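Number of protein chains: 2
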Amino acid sequence: MTPLTIGALAQRMQCPAETIRFYEKEGLLPPPDRSGGNYRLYGPTHLERLAFIRRCRSLDMTLDEIRLLLQLRDRPAENCLEVNSVLDDHIRHVADRIGELRTLQQQLQDLRQACASAEPQGCGILKELARGADEPPPRRAARHIHGSHPHRTRR
Amino acid sequence: MTPLTIGALAQRMQCPAETIRFYEKEGLLPPPDRSGGNYRLYGPTHLERLAFIRRCRSLDMTLDEIRLLLQLRDRPAENCLEVNSVLDDHIRHVADRIGELRTLQQQLQDLRQACASAEPQGCGILKELARGADEPPPRRAARHIHGSHPHRTRR
DNA sequence: GAGCACCTTGCAGTTACTTTAAGGTCAAGA
DNA sequence: TCTTGACCTTAAAGTAACTGCAAGGTGCTC
Chain V
1 MTPLTIGALA
11 QRMQCPAETI
21 RFYEKEGLLP
31 PPDRSGGNYR
41 LYGPTHLERL
51 AFIRRCRSLD
61 MTLDEIRLLL
71 QLRDRPAENC
81 LEVNSVLDDH
91 IRHVADRIGE
101 LRTLQQQLQD
111 LRQACASAEP
121 QGCGILKELA
131 RGADEPPPRR
141 AARHIHGSHP
151 HRTRR
Chain S
156 MTPLTIGALA
166 QRMQCPAETI
176 RFYEKEGLLP
186 PPDRSGGNYR
196 LYGPTHLERL
206 AFIRRCRSLD
216 MTLDEIRLLL
226 QLRDRPAENC
236 LEVNSVLDDH
246 IRHVADRIGE
256 LRTLQQQLQD
266 LRQACASAEP
276 QGCGILKELA
286 RGADEPPPRR
296 AARHIHGSHP
306 HRTRR
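Protein sequence lines, in the order shown, are assigned to chains V and S. Position 24 (the first sequence) corresponds to 24 in the working numbering; numbering is contiguous. Position 141 (the second sequence) corresponds to 296 in the working numbering; numbering is contiguous.
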């Protein structure tokens, strides 16, 4: 159980080192001890906390939700009811988003029907997309769950 | 068909004026004529183009995808095959994302079972989330479709 | 001419990171 | 011993698609 440098922890957790530093800056991970050469040195406590965070992130929780769970976890009197409420909220968000995406899927498939391949007088899809200049498309409801695309980074 | 100011167009399209300026800056809408007092003045061409963009956005396409469709639309030789390919890609992204969210939903519901309400020796959910410090959670596949939460703005 | 709604520009903030730049540390090889 | 290379450090900027704000100009009514 010799302490790990950030790279070793990163490799072990399959999590970029930059992300670990980022969590520290965000206050999700406490600042670890430093080596003589000012390297971060992590012990099992950090490892477990990082695992918790990554598990929550893999469940698509926001950092705010995770922060809240960590606070509840750090409190001596652990409050199950609050934990349950965070999780129930999140489950609802995911269910809502699935419903929205299913509606969207249907719309896209309908739209796809508008053009078989090479139409004689202009693409039916483009025509369909241009319709409704007078009736604007319905605004999607304000929600806690975002769209369909990830943050892309420059190649 | 008297030209519209940005506010009038915004109201008609149910789209914030700031967003219209943003689309112009992004090159999705061409710069409109200006009034004597330097106000933007929009005609039916702009209205229709904005409708196209908003329709695509309501289908959760990225601005890059929309940019591409607009280019195809602006070309005299409209290429249905390319349009179809953009749309097919997007449909795939949405289907993928739905699949992921369903898996996620199942995991969250399983997790929720771990704590009924007030557990005697510590919340079962927190314990479950802390598991797997040695086996890191599976990285979600790199994808074109992002997570569950929208960009939140300050209250 | 005062008030008010609307317009202008530019820039900072949002999420959860990722990338870059410019430099310091450490272990191994020549 | 020196140097090469992998690894570490920080701070700052970039990502998507906007939203919000500040400081000021315009246009219309009372």
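We put the beta carbon where it would ideally sit given N, CA and C, even for glycine. The structure presented is a predicted model; accordingly, all values stated were derived computationally and were not measured.
- Around the beta carbon of PRO199(S), fewer than 16 other beta carbons lie within 10 angstroms, which makes this residue exposed.
- At a cut-off of 8 Å, the C-beta of ARG75(V) has no neighbouring C-beta in chain S.
- Residues of the same chain with a CB within less than 7 Å of the CB of ARG67(V), apart from the 5 flanking positions on each side, are LEU28 in chain order.
- Residue pairing from DSSP places ARG189(S) in a beta bridge opposite ARG195(S).
- If you draw a straight line from the Cα of ALA95(V) to the Cα of GLY37(V), it is about 48 Å long.
- For the pair LEU236(S) and CYS211(S), the Cα-to-Cα distance works out to about 18 Å.
- DSSP places LEU29(V) outside both helix and strand once states are collapsed to three, so it counts as coil.
- The C-beta of ILE125(V) comes closer than 8 Å to at least one C-beta of chain S.
- For chain S, the residues of the stretch 80 to 111 of chain V that bring a beta carbon within less than 8 Å of one of its beta carbons are CYS80, LEU81, VAL83, ASN84, LEU87, ASP88, HIS90, ILE91, HIS93, VAL94, ALA95, ARG97, ILE98, LEU101, ARG102, LEU104, GLN105, GLN107, LEU108, GLN109, LEU111, in chain order.
- Close to chain V, meaning a Cβ-Cβ distance shorter than 9 Å, are the following residues of the stretch 160 to 177 of chain S: ARG167, MET168, GLN169, CYS170.
- Secondary structure of LEU59(V) (DSSP, three-state): coil.
- Taking C-beta atoms as the reference points, ILE246(S) and ARG97(V) fail to come closer than 8 Å.
- Taking the beta carbon of LEU214(S) as reference, the chain V residues within 8 Å of it are LEU104, GLN107, LEU108, LEU111, listed in sequence order.
- Ranked by Cα distance from TYR194(S), the first of HIS248(S), ASN239(S), LEU159(S), LEU242(S) is LEU159(S).
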